[in-house]
Every structure is written in C-alpha cells, then in structure tokens.
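In this text, residue positions in the sequence shown follow the working numbering: the first is 1013, and each later residue adds one.
Shown next, in structure tokens, is the structure this report addresses.
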Amino acid sequence: MIYFDNSATTQPSDTVLSSFVEVNQRYFGNPASLHSVGREAEVLLEKSREQITKLLGSDKLEVIFTSGGTEANNIAILGFAHALSNRGKHIITTKIEHSSVLKSIQSLEKQGFEVDYLSVDEQGLISLTELIKLLRKDTILVSIMHVNNEIGTIQPLEKCAEIIKKNSRAIFHSDTVQSFGKLPVHLTELGPDVISISAHKIHGIKGSGVLVMKKGVKPISTSFGGGQENGLRSGTVSVANAVAIAKAMRISVEESKVESFQRWRNRLIASCSRSSKVLILAKDAGAPHILSIAFKGIKGEVAVNYFQENDILISTSSACSSKSGKVGHVIEAIGVPVDFKDGVVRISFGNNNSEQQIAIFEEVFAQFIELLERGTK
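Take a look at the structure:
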C-alpha cells in the first residue's frame, strides 16, 4: 500500500512511539504532585517545553500543551478575543481557514464581535492590500493560516506580520499545523505572535498539540479546572504526549525531506498537467508536500476509489469534511470551474514516501486518465 494522505494524518515514527511508551511506563506521575515521582514527571515536562522553544528559535516563548491543532486554535481565537475585547471587537481572518478557526470566529460573531474575511485569488492567496484596508484601530485579532490544508497555498506570514504590526495593535495568530517541519516557522519580531502545531501531522501521536506564544501576550482561559498550563488548559498534563510532540518536532526539523517533497510535487505537476481533464490547484503557490488536483466531469470519490483499488491512498480535499460529499469552502473560495469543482483530490507526502512510489502513482494516474478520456469519446 502507498499512503499519500499525510496531510490528514501521518504514521507515527518508531522513535516517537518508543518515547511515548517509555515515558508512560517510567514517568507516570502527575507533574503537579509534590512527591518524587511527580517531580520527575514535572522535570521531563519542562524539558520538553524548553526543547520546543529552542526549535522555534527563542527562549522568550510560552508553550501550552493541548490535545491537537483544533484545541490550540480554539484557545487562541476565543481566548484572545475575550482577553482583548476592552480594546475593540474587530477580528480579521481568511475565507479558507480550517474549520476550527472559522467556527470559533463564527461563534464570536454571535456574541457581537465584528469579523472581516479576507478573500483569496484562484491560487488561494490573500491580498496584502486588502489586509491593509481592513485593519482598524479596534482590530484585536488577525488569524491567517500558514499553509492551507486542502490546496497547500502558502501565505506570506512575515509580510502579513509587518503590515499588522505597522497598522494595528492586533495579536497575530497563525495555524501552522500543515507547515511546521516543512517550511521555516519562527516567532521572530517579524512573525506571528501565536502559532498552533499538531503532532500527528509530523509523524507524532494523535491527541497532542501545542499553542506557542510570545511572552507578554496571553489569552484568557476558555476552560476551567485545576489551572494547569498557566491556567489556560486545565487538566492533568500528559507528560508522555509532551515528550512525544517535542521529539516529533525535533525529528521533523532535523530529518526534513522537504527537498524530496518539492521534487516529487514538481514531477507530478508535470505529468498530471498533460491532460485537459486535470486542473492543478495552487500550482504556483503550494507547499512542497501538498498537491491538489481536480478532475473534469467526475466526483473526487471516483478517483479516490480507483487509486485505492490500485493500492494507493489519496483523499478528497480535507479529511475533516471529505465524508460530507459537499464542495468545500476552500474550493468555493478559489473559484474552481464548475466542471472541475466536484473532482478535487489531494496527494500529500510524508517521510515514509519514496521516489519509487511517485513513479507507481504516475503509472496508475496515466491509466486512470486513459479511462476518463475513453469514456468521453
């Protein structure tokens, strides 16, 4: 079986799994406990936190362990909106964010917050000019994802940060779930104030994520309990998950296959573009590890099933919405032509893929295109 659905989830690495099991067995104490077993767990927890800040290039960061990217996004959006509501109630985001961001913001709209949604072009790119126009004195939060999970578009985060800092006092949040480990992600002076990361996108453990913030910016808590994670995420912290995500992040940076991903993406763009039955999405703006294509006149599920019959696993756009059968909000936002919009599929690479697998995909793809063209004659 060839697995090309790594943007949905990746296979955990053996190294990460071993660390997860070992910590659960040897350092099982509650890190909030005062006894020696608890203190051992706390030391390991804080070491994991320090490793993450070093990976992100600064010790002036606060790391909050979460259950994944969705919770991290929720804490950031809801927490900062309410924390800063005394300064204003204006929020800016894009039309192609992950549902965990969009639905959080939609809930804030019902509470009286005002939201502007940045439009995107056919590549999925926002307009920096529009961002400048929408920023106001009462803008308190801007959330712009780094890499889109459905089509792979890379947004210019540093340029966005420069504009936001120059024209407002807003906190800048970015969902970097799809970019960390593939593209440089740093919370520098000219970068986001807050980012969200999920372990299972980088060969880590499901149920693990982090919200990383520059020190000095802090949301208010959206959940209540024992006050763990600096009061932002109550509940006994899983030290094993913390160690595992720190290790997964380190491996994803140190053993990155991004050059291979880019080469494979370029190769598939060349081979897939030969047919008029195929439209490449975000062709010139996509991340190295994601390639979304649309087939003319068929549903994406037809392609997914054909490839699966040939032992290749791909997906229809986002795994979060692929089972609904509806055209996703991202596909609508970029204006995919009517004849193609139902036929979108996503191929996404991970560290377990190989050049040989790309060659096999090309062979199966050519067979599928031949069947499609034969069916229209």
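All C-beta atoms in this analysis are idealised placements derived from N, C-alpha and C, irrespective of residue type, glycine included.
Requested in this report: Check whether the segment 1227 to 1234 touches the segment 1028 to 1044, counting contact only when three or more Cβ pairs, one atom from each stretch, lie closer than 8 Å.
Outcome: no
Requested in this report: Tell me, please, whether the segment 1082 to 1100 touches the segment 1196 to 1216 by the rule of three or more beta-carbon pairs shorter than 8 Å.
Outcome: yes
Query - the segment 1115 to 1125 / the segment 1048 to 1058 touching (three or more Cβ pairs under 8 Å) - result: no
Query - Buried or exposed (CB count within 10 angstroms, at least 16 for buried), ILE1163 - result: On the sequence shown, residue 1163 is found 151 positions in, with the first residue counted as 1. It is buried - the Cβ of ILE1163 has at least 16 other Cβ atoms within 10 Å.
**Report entry** GLY1081 (DSSP reduced to helix, strand or coil)
**Finding:** For the purposes of this step, residue 1081 is identified with residue 69 of the sequence shown, where counting begins at 1. DSSP places GLY1081 in helix when its eight states are reduced to three.
Query - Integer-rounded CB distance, given that LEU1130 should sit under 8 Å from THR1106 - result: Taking the first residue of the sequence shown as position 1, residue 1106 is located at position 94. Taking the first residue of the sequence shown as position 1, residue 1130 is located at position 118. Right, their Cβ atoms sit about 4 Å apart.
Requested in this report: Please name the residue or residues paired with LYS1226 in a DSSP beta bridge.
Outcome: Mapped onto the sequence shown, residue 1226 falls at position 214. Its beta-bridge partners are LEU1073.
Report task. Could you give the DSSP three-state label for VAL1255: helix, strand or coil? Result -> Against the sequence shown, residue 1255 aligns to sequence position 243. In this structure, VAL1255 counts as helix in the three-state DSSP scheme.
Report task. Express the C-alpha separation of ILE1176 and ALA1297 in angstroms, rounding to a whole number. Result -> Along the sequence shown, read from residue 1 onward, the residue named residue 1297 stands at position 285. Along the sequence shown, read from residue 1 onward, the residue named residue 1176 stands at position 164. If I take the Cα positions, the gap works out to 22 Å.
**Report entry** Same chain, Cβ closer than 7 Å to ILE1326, neighbours up to 5 away in sequence not counted
**Finding:** For this step, residue 1326 is matched to residue 314 along the sequence shown. Taken in chain order, the residues that qualify are PHE1016, ASP1017, VAL1316, PHE1319, VAL1357, ARG1358 and ILE1359.
Query raised in the report: Can you tell me whether DSSP reads THR1106 as helix, strand or coil?
Result: Your numbering for residue 1106 matches position 94 in the sequence shown. DSSP places THR1106 in strand when its eight states are reduced to three.
**Report entry** Length at least 3, wholly inside the segment 1246 to 1331: the beta strand (DSSP E) runs in chain order
**Finding:** For the segment 1246 to 1331, whole beta strand (DSSP E) runs of length 3 or above, ordered along the chain, are 1290 to 1293 and 1302 to 1307.
Requested in this report: Per DSSP, which residues does SER1208 bridge with? Please list them.
Outcome: Numbered from its first residue, the sequence shown carries residue 1208 at position 196. ASP1187 and LEU1223.
Query raised in the report: By how many angstroms is the C-alpha of PRO1168 removed from the C-alpha of LYS1178?
Result: The residue given as residue 1178 occupies position 166 in the sequence shown. The residue given as residue 1168 occupies position 156 in the sequence shown. Taking the straight line joining both Cα atoms gives about 16 Å.
Query raised in the report: What's the C-alpha gap between LEU1146 and GLY1041?
Result: Working through the sequence shown from its first residue, we reach residue 1146 at position 134. Working through the sequence shown from its first residue, we reach residue 1041 at position 29. Each residue's alpha carbon lies about 49 Å from the other.
Query raised in the report: By the 10 Å Cβ neighbour count, where 16 or more other Cβ atoms means buried, how is GLN1190 classified, buried or exposed?
Result: Residue 1190 sits at position 178 when you count from the first residue of the sequence shown. With 16 or more Cβ atoms within 10 Å of its Cβ, GLN1190 is classed as buried.
**Report entry** GLU1201 - DSSP class collapsed to helix/strand/coil
**Finding:** Reading the sequence shown from its first residue, position 189 is the one you call residue 1201. In the structure shown, GLU1201 sits in coil (DSSP, three-state: anything other than H, G, I, E or B).
Report task. Going by CA-CA distance only, name the one from THR1328, ASN1365, SER1366 and LYS1101 that's closest to PHE1352. Result -> The residue labelled residue 1352 in the question sits at position 340 within the sequence shown. Considering only THR1328, ASN1365, SER1366 and LYS1101, the residue with the shortest C-alpha distance to PHE1352 is THR1328.
Query raised in the report: Whose CA, out of ARG1386, ASP1354, ALA1345 and SER1180, lies closest to the CA of LEU1137?
Result: Looking up residue 1137 in the sequence shown gives position 125. Ranking the options by Cα distance to LEU1137, first place goes to ALA1345.
Requested in this report: Just the C-alpha distance for ALA1299 and ASN1161, rounded to the nearest angstrom, thanks.
Outcome: The count along the sequence shown starts at 1 and reaches residue 1299 at position 287. The count along the sequence shown starts at 1 and reaches residue 1161 at position 149. Their Cα atoms are separated by approximately 10 Å.
Requested in this report: Can you give me the start and stop residues for the beta strand (DSSP E) that VAL1154 sits inside?
Outcome: For the purposes of this step, residue 1154 is taken as the residue at position 142 of the sequence shown. VAL1154 -> beta strand (DSSP E) spans 1151 to 1155.
Query raised in the report: The beta strand (DSSP E) with ILE1359 in it runs from where to where?
Result: Start at 1 with the first residue of the sequence shown, and residue 1359 comes out as number 347. Run containing ILE1359: 1356 to 1360, per the beta strand (DSSP E) assignment.
**Report entry** Segment limits, alpha helix (DSSP H) that includes ASP1026
**Finding:** One-based indexing of the sequence shown puts residue 1026 at position 14. Element bounds for ASP1026: 1026 to 1038.
Query raised in the report: When DSSP builds the beta bridges, which residues end up paired with LEU1146?
Result: For the purposes of this step, residue 1146 is taken as the residue at position 134 of the sequence shown. BP columns for LEU1146 are empty, so no partner.
Requested in this report: Kindly give me the distance between the Cβ atoms of ILE1257 and VAL1222, rounded to whole angstroms, as I take these residues to be in contact under 8 Å.
Outcome: Translated into the one-based positions of the sequence shown, residue 1257 becomes position 245. Translated into the one-based positions of the sequence shown, residue 1222 becomes position 210. Going by Cβ atoms, the distance from ILE1257 to VAL1222 rounds to 6 Å, so yes, they are a contact pair.
Query raised in the report: When the Cα of GLU1385 is compared with those of PRO1349, GLN1368 and PHE1307, which residue comes out closest?
Result: Translated into the one-based positions of the sequence shown, residue 1385 becomes position 373. The shortest C-alpha separation from GLU1385 is found at PHE1307.
Query raised in the report: To the nearest whole angstrom, what separates the beta carbons of ALA1252 and ASN1036, a pair I think is in contact under 8 Å?
Result: Here the question's residue 1252 lines up with position 240 in the sequence shown. Here the question's residue 1036 lines up with position 24 in the sequence shown. With a Cβ gap of about 5 Å, ALA1252 and ASN1036 count as contacting.
Report task. Excluding the 5 residues preceding and the 5 following LEU1280 in the sequence, name in chain order all residues of the same chain whose CB lies nearer than 6 Å to its CB. Result -> The residue given as residue 1280 occupies position 268 in the sequence shown. Closer than 6 Å at Cβ, skipping near neighbours: LEU1303.
Report task. Please look up how many angstroms separate the CB atoms of ASP1323 and MET1013, rounded, as I've assumed it's under 8 Å. Result -> The count along the sequence shown starts at 1 and reaches residue 1323 at position 311. The count along the sequence shown starts at 1 and reaches residue 1013 at position 1. Rounded, the Cβ-Cβ distance is 5 Å, consistent with contact.
Query raised in the report: Do you know how far the Cα of GLY1100 is from the Cα of GLN1369?
Result: Counting from one through the sequence shown, the residue named residue 1369 turns up at place 357. Counting from one through the sequence shown, the residue named residue 1100 turns up at place 88. Rounded to whole angstroms, GLN1369 to GLY1100 spans 52 Å at the Cα level.
Query raised in the report: Measuring CA to CA, which of CYS1172, ILE1103 and SER1111 is closest to LYS1149?
Result: The residue you call residue 1149 lines up with position 137 of the sequence shown. Nearest C-alpha to LYS1149: ILE1103.
Report task. State yes or no: is the C-beta of LEU1073 within less than 8 Å of the C-beta of HIS1198? Result -> As a first step, residue 1073 is located in the sequence shown; it is residue number 61 there, counting from the start. As a first step, residue 1198 is located in the sequence shown; it is residue number 186 there, counting from the start. Taking 8 Å as the Cβ cut-off, LEU1073 and HIS1198 do not qualify as a contacting pair.
Requested in this report: Count the other CB atoms, across all protein chains shown, that sit within 10 Å of the CB of VAL1350; report buried if there are 16 or more and exposed otherwise.
Outcome: Here residue 1350 refers to the residue found at position 338 when the sequence shown is read from its first residue. It counts as exposed.
**Report entry** DSSP-derived helix/strand/coil call for THR1141
**Finding:** Residue 1141 sits at position 129 when you count from the first residue of the sequence shown. THR1141 falls in the helix class under three-state DSSP.
Requested in this report: Figure out for me which residue from ASP1026, PHE1192 and ILE1156 has the closest Cα to the Cα of SER1112.
Outcome: The residue you call residue 1112 lines up with position 100 of the sequence shown. Among ASP1026, PHE1192 and ILE1156, the Cα nearest to that of SER1112 is on ILE1156.
Requested in this report: Could you check the C-alpha separation between ARG1061 and PRO1024 for me, to the nearest Å?
Outcome: Residue numbering aside, residue 1061 sits at position 49 when the sequence shown is read from its first letter. Residue numbering aside, residue 1024 sits at position 12 when the sequence shown is read from its first letter. Approximately 20 Å between the Cα atoms of the pair.
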